Structure formats: C-alpha cells, structure tokens
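Numbering (my numbering), first residue to last: 2 to 122.
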C-alpha cells in the first residue's frame, strides 16, 4: 500500500492553515506510542473483539492527518475481525498495521519539517 499524505485534502480540511495541520500532526505523534501499545495488546491477546474495538477507535484519526486510505483499510480489518481469524492472519494483520503506523509517523515528521522550513523562508 502506497503511503502518501494527502496534502491538498489537508489544506482543504484546515482552510490552508499550516499551524492547524502541524497541531494535528503533533497530536498524532504524541499519541502514537499509546496507539501502538493498544493495538499490540489487542493482537497479542488474539482477541477479535478487542482488535475490532482498537481498530474502530483509531481508524478515524488517519483521515484527520491526511491518510483517508488508511482509515478505509482499518475499517476493512475491523469488518474482517467480525469473524474468527487464524493466528497466521492475525500476525500478518498485526505486522501490517504496526508498519503502517511507523511509516506514517516518519512521513509526518518529515512533512512537519518541510512545513517548518517553508514558514521560515
């Protein structure tokens, strides 16, 4: 899955206010470790109900930071976990979700730096 921040959508959502965009990025970055911990716990316990709850709780956040495709992906996983899944599938999905969060974190840090540099030009 290609991960790119939807910058035009962010500017539209936040009326072009880069300060608002960086505030939303900071909120995500500040909560990212907690999100990772909660998702890790859900998957490590192999608990479909808890996995669904965590995916449901965290999925909207990605739309606010410019990744609506991740919101849709997490919602599809949430639907998937309405049913029983194999341990192998759980491990695959767990790895995919954690990798996505890590990559998005890296992208947000880079984008924040670009915004900061542009503001000082």
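Positions of the beta carbon are idealized from the N, C-alpha and C atoms, including for glycine. Quick caveat: nothing in here was measured; it's all calculated off a predicted structure.
A distance below 8 angstroms between beta-carbons, with the five flanking residues on each side excluded, links residue 116 to the following residues of its chain, in chain order: 19, 22 and 23. Counting C-beta atoms within 10 angstroms of its own C-beta, residue 4 has fewer than 16 neighbours from the protein chains shown and is therefore classed as exposed.
Non-local C-beta neighbours of residue 76 in its own chain, meaning closer than 6 angstroms and more than five positions away in sequence, comprise 60, ordered along the chain. Its Cα nearest to that of residue 106, the residue 29 stands out among 12, 118, 8 and 29.
If you check the CB distance, residue 40 and residue 99 come in under 8 angstroms.
With a 10 Å radius around the Cβ and a threshold of 16 neighbouring Cβ atoms, residue 2 comes out exposed.
Residue 82 carries a coil assignment under DSSP once its states are collapsed to helix, strand and coil.
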